[in-house]
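Here the sequence shown stands for residues 16 to 484, where the numbers follow our numbering. The beta-carbon is built from N, C-alpha and C at its ideal position, and this holds for glycine as well. Everything on this sheet refers to the single structure shown next.
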Amino acid sequence: MYKLPDDFYFGGATAAYQCEGATEEDGKGAVIWDTYLKKQGRFSPDPACDFYHKYPEDLELCRKFGINAIRVSISWARIFPDGFGRVEQRGVDYYHRLFAKCREEGVEPFVTLHHFDTPQCMQDLGGWLSDEMLNHFTEFAKFCFDEFGSEVRYWITINEPTSMSSQQYIGGTFPPGIKYDFHKCFQAEYNMNLVHARIVEMFKKGGYEGKIGVVHALQTVYPVSDSEADRHAADLQDALDNSFYLDGTLLGRYTPEVLALVREIIERNGQEMIEIRPEDEALLSDAARDMDFVGMNYYFSKFMRGYEGKSETFHNGTGEKGSSVSRLQGVGEEVHRKDIPSTDWDWPIYPKGMFDQLSRIKNRYGWDKEVYITENGMGCKDKFIEDRQTVDDDERIDYLKNHMEEVAKAIEAGVNVRGYFVWSLQDMFSWTNGYSKRYGLFYIDFETQKRYPKKSAYWYKKVSETGEV
Ligand code: BGP
């Protein structure tokens, strides 16, 4: 049994586009997913779990179940339907109401400025590859600090830059759906690191109160054997998933080792290395110094084998276990290790990876400032039990417990972890998997929009009340 600190945040995480619904309500502008999902025709983002209208009920549930923090994101397109300029007051009012309700229920909001939902008009400019979009995103951030600064104490600039750009430009499973363009992927990450730094500095120089950080998807990468080829594949995958991004945000400079790996990946794909501008370094390093916390999303680890062939990927977006494939030219092949359990979506369940990554943040990057686990959870095909009106999600409880234990061990080892957010607070949709991949502590009947606490919600309540895991 482990004991978490008394002032620990036991949170639940959400993201605007996955839970709000109401995508065409109150003057909201279109985002990249509106068009993409419509074209795909698999599922609709409306009404999701109707958080736009149901947030009071969800926040009351938080209080009842000992959830004292919530991750929410502000939808850029709800406030600036054209990406910039004209402000949609109804969108602004909604977030004021949301934050007021958070306070009323004693739930601390951790607020993300970008959680995958780029306005379509900004993507039309080039998305994260466009300087113009970077400028408009900075303006949007400033607007939020000015408008909501007295209501929000924890700000997150961008959710998971790396997973976003790799799914946009390598896997092709996020709009604009481009495959194997490593140049664009790293360029988008470089730009996101830069705009993140710009916003951190604006926040600090503007004298706003509160704390600011960034959220990384950190998947710990291990070689499947000790061979040189496998170890090198793990290093390359780590540069793609973690180290380029960690260098840019936590260290505040790109190390020659990591840049060499990035160059190798890009050039082995016959593409042009991105431009690393020396004049950006001062800004990155100031922001790394000034940033208050880092958020880590952790779901799985990767096990790599050397691979010399062409890129081949298959995304398991249906829960058909064993169907996913990821072999990347110039990087390596992800191996499904038989001795490691995995979810129906082929995500290896490896709690120790959480501890290893937390230790790395501290030891390799010297990060002693606050750390939050901003997402961790298990996607399951939950079965609703009619007569008891709940879900017996023991598998999820095991998953959460095993990972929270690793968090407690990391705290014992000196990592400054201050809170943990279950992904997700309630069921919502998953970007590339739809509504059958459920993560919530609260089951949603998407037809009636009724909420039902799962067994995991009762378990989490006890953890929050006792601090024991
Ligand atoms: C993270 C995202 C979340 C969420 C989660 C689960 O990468 O920040 O928005 O979706 O992963 O992923 P998925 O929905 O693909 O199962």
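- Using a Cβ-Cβ distance cut-off of 8 angstroms, the segment 366–374 and the segment 325–345 are not in contact, since fewer than three pairs of beta carbons, one from each stretch, lie closer than that value.
- Two segments are said to touch when three or more pairs of C-beta atoms, one from each, lie closer than 8 angstroms; by this definition the segment 387–403 does not touch the segment 335–354.
- Judged by DSSP secondary structure, F197 falls within the alpha helix (DSSP H) whose first and last residues are 197–220.
- The beta-bridge partner set that DSSP reports for C64 is empty.
- For Q441, the closest C-alpha among the options D22, M393, F125 is that of M393.
- Scanning the segment 69–120 from its first residue to its last, the whole alpha helix (DSSP H) runs of 4-plus residues come out as 91–94, 104–120.
- Judged by DSSP in its simplified three-state form, I291 adopts coil rather than helix or strand.
- Excluding sequence positions up to five before and after I291, its CB lies within less than 7 angstroms of the CB of Y269, L274, all in the same chain and listed in chain order.
- In the three-state reduction of the DSSP assignment, I400 falls in the strand class.
- In the structure shown, the three-state DSSP call for D460 is strand.
- DSSP, reduced to helix, strand and coil, places S357 within a strand of the structure shown.
- Along the length of the segment 403–441, whole alpha helix (DSSP H) runs at least 4 residues long occupy 409–427, reported in chain order.
- Within a 10 Å sphere around the beta-carbon of S316 sit 16 or more other beta-carbons, which makes this residue buried.
- For Q33, the CB falls within less than 7 angstroms of some heavy atom of the ligand BGP.
- Taken atom to atom, the span from the alpha-carbon of F259 to that of G337 is near 29 angstroms.
- Taking non-hydrogen atoms of the ligand BGP into account, the C-beta of N174 is found less than 7 angstroms away from one of them.
- The three-state reading of DSSP puts I171 in strand, counting E and B together.
- Secondary structure note for N150: its alpha helix (DSSP H) is the uninterrupted segment 146–163.
- For N331, the CB stays at least 7 angstroms from every heavy atom of the ligand BGP.
- Taking the Cα of K325 as reference, the smallest distance to any Cα among G345, E243, D307 is reached at G345.
- A428 and A84 have their C-alpha atoms some 24 angstroms from each other.
- In the three-state reduction of the DSSP assignment, Y184 falls in the helix class.
- Set against 7 angstroms, the gap from the CB of T447 to the closest heavy atom of the ligand BGP is smaller.
- Per DSSP, reduced to three states, the secondary structure at K336 is coil, with no helix or strand assignment.
- Boundaries of the beta strand (DSSP E) harbouring K317: 316–320, taken from the DSSP string.
- With a threshold of 16 other beta carbon atoms within 10 Å, P238 meets it and is buried.
- Burial check for N206: the Cβ neighbour count within 10 Å reaches 16 or more, so the residue is buried.
- Here the C-alpha atom of G44 lies approximately 21 angstroms from the C-alpha atom of K69.
- At a threshold of 7 angstroms, E40 does not count as near the ligand BGP, since its beta carbon sits no closer than that to any of the ligand's heavy atoms.
- Unbroken alpha helix (DSSP H) stretches of 4 residues or longer found wholly inside the segment 240–296: 243–253, 271–283, given in chain order.
- Using a C-beta cut-off of 8 angstroms, the segment 166–181 makes contact with the segment 125–144, since at least three inter-stretch Cβ pairs fall below that distance.
- Collapsing the DSSP output to three states places I47 in a helix.
- Residue range 367–378 is occupied by the alpha helix (DSSP H) that includes M369.
- In this chain, the beta strand (DSSP E) harbouring Y387 covers 385–391.
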